[in-house]
Amino acid sequence: MPKYHVSEARLLGSRIIVWNPEDSLFLYKNGFYGKPVGVSKPKTDEDLKTQLELSPLEALYLMEKQLLKVKDLRGKSISKKRLFEIAKKSHRRFNDLYLVYKDLREKGYVVRPGLKFGGDFAVYLMGPGIDHAPFIVHVIPQNEKIDPVEIVRAGRLTHTVRKKFVIATIDPQSKEVRYYMFMWWKP
Amino acid sequence: MTEEPPTAVIEDTEVSLTGVAAEKIYQGGKYGELEKGKLKLMPVEALYLVKQGKLKVVDPEGVPLDFQELVSRFSEKDPLIWARFLIYQDLRRRGYTVKAGYGKGAVFRVYRRGAKIGSEPARYLVFGVAEGETFDVAFLAKIADEARSSQKDLILAVIDRQGDITYYDVSRVSL
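Protein chains in written order, with the numbering used here: chain A, 328 to 514; chain B, 132 to 306.
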């Protein structure tokens, strides 16, 4: 398999689908991007040789890395800017989510959706199925206030699920991503 | 016969006392700031001592103010006084020495149990937030930096609608 391989995806409404099984295999095996359609826990290469759905965050990041081209159904190229605009409409916090997603990917982590764990991202050192205890990252947008309920939830999740729950914020001035951990403290 | 508690005078919202009584309350720096024989107490300290029956507060005419009247008086200037008091009281009861933090907001410096006040720094920086209130991402960044640069643990005290307090240790992590 080539080390550098540009995959192609098609935009279907606001969903992004990779149709070529070779592309699916490459993207999933090189950083755990996307989800093979209809396969919940892919184990073998065969599981991956199907369509792959990418989240808008993943697609944009891969485009930025020049590992992905996105086209519309007629085969016309879609720019990064255009995709960003479409994605922004699909998620209220998209801008901040992307900054955090990118920061984590650039640090070398495997970043997967974290909704089922109660946060925005499940973050792995190696990847799902390899390390079993991801930490959960939740993003609080820069122009929003922090509600203590979020802190309580974060502390509670860290305590009971025994997973690290991290809150990410973006410094409004420097745009630097900051991570905080909240642990229940017995006085 | 029970001993009469010492009497402090309140002017506006400043509570202070002098003399032997001041020394006694000050006891090694646990309450207030002692300056030239005059002990100045923070509102929360005055409330705590009054509630404990260890202090009496009178106005400049000598009219005593009870706990409730003191709370009302302080709350005119500081709407967060009750939340502050709850945190202060909770930590005191647990044996910590609690001093005012720097800047605004319900922030306290908290010393470890049995600390020698004046000869060691506070161990924790505690800030309180009540259920329903929110705070800025920028404020969190500011106090997290402040705690880190002064080598204190940052503790967030969340007060629920019945005054119950839960504490969280906050640390900035670099992933």
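Note that CB positions come from ideal geometry on N, CA and C, so glycine has one too.
query	result
What did DSSP end up calling A:Pro-499 once you bin it into helix, strand or coil?	coil
So with CB distances below 7 Å, who are the chain A contacts of B:Glu-262?	Pro-475
For A:Asp-458, count neighbouring Cβ atoms within 10 angstroms of its own Cβ and tell me buried if that reaches 16, exposed if not.	exposed
Rounded to a whole number of angstroms, what is the C-alpha to C-alpha distance between B:Leu-271 and B:Ala-231?	18 Å
Which residues in the same chain have their Cβ closer than 6 Å to the Cβ of B:Lys-182, if we skip the five residues on either side of it in sequence?	Phe-198
For the alpha helix (DSSP H) holding A:Ser-351, just list the boundary residues, first then last.	348 to 356
So A:Pro-514 and B:Tyr-298 are supposed to be a Cβ contact under 8 Å. How far apart are they, rounded?	5 Å
At a Cβ cut of 7 Å, what residues of the stretch 286 to 301 of chain B count as close to chain A, listed as they run along the chain?	Ile-286, Leu-287, Val-289, Thr-297, Tyr-298, Tyr-299, Asp-300 and Val-301
Going by DSSP in three states, A:Met-328 sits in which element: helix, strand or coil?	Residue placement at A:Met-328 cannot be trusted, given a pLDDT of 47 that sits under 50; the coordinates are not used to answer.
Closest to B:Tyr-255 by CA distance: which of B:Gly-294, B:Arg-240 and B:Ser-206 is it?	B:Arg-240
How about A:Met-328: is its C-beta nearer than 8 Å to some C-beta of chain B?	Note that A:Met-328 scores 47 on pLDDT, short of 50, meaning its location in the model is unreliable and no value can be drawn from it.
Hey, B:Arg-215 and A:Tyr-506: beta-carbon distance below 8 Å or not?	no
What's the call for A:Gln-378, buried or exposed, on a 16-neighbour Cβ count within 10 Å?	buried
Can you tell me which of A:His-332, A:Gly-358 and A:Lys-415 puts its alpha carbon nearest to the alpha carbon of A:Asn-347?	A:His-332
Could you spell out where the alpha helix (DSSP H) holding A:Met-566 opens and where it closes?	This structure leaves residue 566 of chain A out entirely; chain A is present only between 328 and 514.
Please list, in chain order, the chain A residues whose beta carbon lies closer than 8 Å to that of B:Ala-272.	Thr-496, Asp-498 and Arg-505
With 16 other CB atoms within 10 Å as the buried threshold, where does B:Met-173 fall?	buried
Which residues in chain A have a C-beta closer than 9 Å to the C-beta of B:Val-268? List them in chain order.	Ile-467, Pro-468, Gln-469, Asn-470, Glu-471, Lys-472, Ile-473, Thr-496, Ile-497, Asp-498, Pro-499 and Arg-505
Along chain B, in chain order, which residues have C-beta atoms closer than 7 Å to that of A:Ile-478?	Leu-287, Val-289 and Tyr-299
CB A:Val-466 to CB A:Val-450, shorter than 8 Å?	no
Please state if the CB of A:His-418 and the CB of A:Leu-426 are separated by a distance shorter than 8 Å.	no
If we count the other Cβ atoms within 10 Å of its Cβ and call it buried at 16 or more, is B:Pro-191 buried or exposed?	exposed
Taking a contact to mean a Cβ-Cβ separation below 8 Å, would you say B:Leu-287 touches B:Val-301 in this structure?	yes
For B:Asp-267, does the three-state DSSP call read helix, strand or coil?	strand
What number of angstroms, rounded off, separates the C-alpha of B:Glu-164 from the C-alpha of A:Trp-512?	29 Å
Going along chain A in order, which residues have a C-beta closer than 7 Å to the C-beta of B:Arg-223?	Per Cβ cutoff of 7 Å: no residues; B:Arg-223 is ~11 Å from chain A at best.
With burial defined as no fewer than 16 other Cβ atoms inside 10 Å of the residue's Cβ, what is the status of A:Glu-503: buried or exposed?	exposed
Measuring only from the beta carbon, is B:Lys-283 closer than 7 Å to any heavy atom that is part of the ligand ADP?	No copy of the ligand ADP appears in this structure; indeed no ligand is present at all.
In its own chain, which residues sit with a C-beta less than 8 Å from the C-beta of B:Phe-258, not counting the 5 before and 5 after it?	Gly-232, Gly-236, Ala-237, Val-238, Phe-239, Ile-274, Leu-285, Ile-286, Leu-287 and Ala-288
Can you find a CB in chain B that lies within less than 8 Å of the CB of A:Met-508?	yes
Hey, could you find the ends of the beta strand (DSSP E) B:Asp-197 is sitting in?	From DSSP, B:Asp-197 is part of no beta strand (DSSP E); its letter is neither H nor E.
Using a C-beta cutoff of 8 Å, does A:Leu-452 count as contacting chain B?	no
Return helix, strand or coil for A:Lys-398, following the three-state DSSP convention.	strand
In angstroms, rounded to a whole number, what distance separates the CA positions of B:Glu-251 and B:Lys-208?	32 Å
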